[in-house]
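As structure tokens, the structure follows; a few thoughts come after it.
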Amino acid sequence: MRFCLQVDLSVSVSVFLKAPVRRWEPHPPTAVMEKSNVYGLFTAAIETVLVKCDRPAHPLINKTYDFERVYGPAESQQVVFGDVCPLLTSLLDGYNVCVLAYGQTGCGKSYTMLGPHSKKARIPPWGPHSDLGIMPRAAGELFRLISENPSKSLKVDVSIVEVYNNDILDLLAKERRTEVSGPKRDAPTSKAAKREVSPPTRQPVHSAEDFIALAAGSLQLRAQLATQVHARSSRSHLIITATLTAASPCDSPADRQSPGPPLEGRPAWGRASPGSPGAQRPAEQVHAKLQLVDLAGSECVGVSGVTGSALRETSFINRSLAALADVLGALSERRGHIPYRNSQLTHFLQDVLG
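Numbering (our numbering), first residue to last: 1 to 354.
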């Protein structure tokens, strides 16, 4: 599994690798690979991975890849977050930060980003929990930084969408818990190349606990399916956006410190109406954005065994990931045209990608 840290500085990108448990060995390998092995990963250094493939009737592969850092399967969630944590300070300085988790299905992307969770078991509350993922840890660190810098008078609004079958679905605009997906949000572009996105619902949060509870409620609505590879395979790309805004001058200190009603026990995914707590306040100025992206896993149909509607989902997943690769390739090569509009995923992430 790979995850990418992107900070608008403008623009810094770091790529980290967390290796699968079953295909990992220290370098040099402790034993000679058997002929039946398809491939193996070996650490050459803390920033380097050696990939070997010894498949019968295929040419031998022996390639080295460099990363910002390579994590072994025994590395804890806290160690992984240790490389994300310093970037959150950039948010208070007005820089956008984006963390994307990418990899094949079942490799641990959602676990790394969200920690242990399911539709029946909610994300554990913020605290010294060893399995907490990047999202809850980032929420705790974000509010710690804000509390230590009261002069900035920052507020946090959260929006959560999923890109499912190339549709952007607003998971906070749910009117009933029984619905299987949120309202669609399009990302058209004007003739002047300006994004005119129908904005997703933004819900104000006042603490890390509020942030995590809001995300947990939305995760109950995310599209999932059991495949031969993964019992709870995510069928959509999940994008959690925390927007930091500078409080308007008319806001009183008491209003900024008010924790607001608890999220637990009320439908946090209800549609925000004008004047409601979730409605966007035009008097406030966007300071920075934190985007946490749990991408759906790339799939080989012959391995996952999906058919019917699940096969259609796989097609959309793989095509959107290919579109993301095309955009990143175009950006790295500084091409004149960046194909953001080839996918709703890249169109929605255009601000942080480019």
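Note that CB positions come from ideal geometry on N, CA and C, so glycine has one too.
Enclosing alpha helix (DSSP H) for residue i [first to last residue]
i	result
Ala325	Gly308 to Ser332
Leu219	Ala208 to Leu219
Leu171	Note, Leu171: premise wrong, no alpha helix (DSSP H); not H, not E.
For residue j and residue i, the rounded distance between their alpha carbons
i	j	result
Glu141	Thr105	29 Å
Cys98	Glu313	25 Å
Lys63	Ile46	16 Å
Leu88	Arg69	18 Å
His206	Leu145	13 Å
Cys53	Leu132	34 Å
Arg256	Thr307	Annotation note: pLDDT 46 at Arg256 (below 50); position unreliable, no value reported.
Glu75	Val84	14 Å
Phe348	His237	11 Å
Asn149	Asp93	11 Å
Ala213	Leu219	10 Å
His58	Leu331	33 Å
Phe143	Pro73	30 Å
Phe81	Asp167	30 Å
Ile160	Arg55	42 Å
Val15	Pro199	29 Å
Leu114	Ala139	11 Å
Ala215	Ala208	11 Å
Ser153	Ser147	9 Å
Val51	Leu60	11 Å
Ala323	Leu345	8 Å
Val79	Ala19	14 Å
Tyr71	Thr112	12 Å
Ser315	Ser298	10 Å
Arg271	Ala173	Its pLDDT being 35, under 50, Arg271 is placed unreliably in this model, and the coordinates cannot settle the point.
Pro339	Asp351	13 Å
Leu221	Gly336	39 Å
Ala382	Ala325	Nothing about residue 382 can be read from this structure; the chain reaches only from 1 to 354.
Arg367	Thr201	Nothing can be reported for residue 367: it is not among the residues displayed for the chain, which extend from 1 to 354.
Leu171	Pro204	15 Å
Tyr65	Ser151	44 Å
Ala288	Cys300	37 Å
CA nearest to the CA of residue i, picked from the options
i	options	result
Val286	Leu172, Val163, Ala323 and Ala246	Ala246
Arg341	Leu353, Arg334, Ser332 and Cys300	Leu353
Glu284	Glu299, Phe67, Lys155 and Leu321	Lys155
Leu169	Arg235, Phe211, Ile338 and Ala213	Arg235
Cys107	Ser309, Arg222 and Leu17	Leu17
Ser320	Asn165, Asn149, Leu221 and Thr307	Asn165
Val49	His58, Leu244, Arg55 and Phe67	Phe67
Glu162	Ala223, Phe211 and Leu91	Ala223
Thr241	Asp157, Leu324 and Ile317	Asp157
Leu328	Val80, Ala173 and Leu100	Leu100
Gln77	Pro56, Asn96 and Pro136	Pro136
Leu295	Tyr65, Tyr102, Ala74 and Arg55	Tyr102
Phe211	Tyr65, Pro199, Thr243 and Ala322	Thr243
Ser12	Val293, Tyr95 and Pro339	Tyr95
Asn318	Ser343, Lys109 and Glu333	Ser343
Leu290	Leu91, Pro86 and Tyr65	Leu91
Leu292	Ser130, Tyr65 and Ile134	Ile134
Ile239	Ser130, Cys300 and Ser110	Ser110
N- and C-terminal bounds of the beta strand (DSSP E) containing residue i
i	result
Leu244	His237 to Ala246
Pro204	Gln203 to Val205
Leu17	Ser12 to Lys18
Three-way DSSP call (helix, strand, coil) for residue i in this model
i	result
Tyr340	helix
Glu284	coil
Ala101	strand
Tyr164	strand
Ser147	helix
Leu349	coil
Ser90	helix
Ser110	helix
Arg69	strand
Val38	Per-residue confidence for Val38 stands at a pLDDT of 47, beneath the threshold of 50, marking its modelled position as unreliable; no derived number is given.
Ile134	helix
Glu47	coil
Gly354	coil
Gly82	helix
Glu75	coil
Gly140	helix
Identity of the residues DSSP links to residue i by a beta bridge
i	result
Asn62	Lys52
Leu292	Val99 and Ile240
Val156	Val205 and Leu244
Ser298	Gln104
Any C-beta of chain B under 8 Å from that of residue i
i	result
Ala323	No chain B is present in this structure, which holds just one protein chain.
Near the ligand PLP: residue i beta-carbon under 7 Å from a heavy atom
i	result
His58	Questions concerning the ligand PLP fall outside what the structure shown contains, since it holds no ligand whatsoever.
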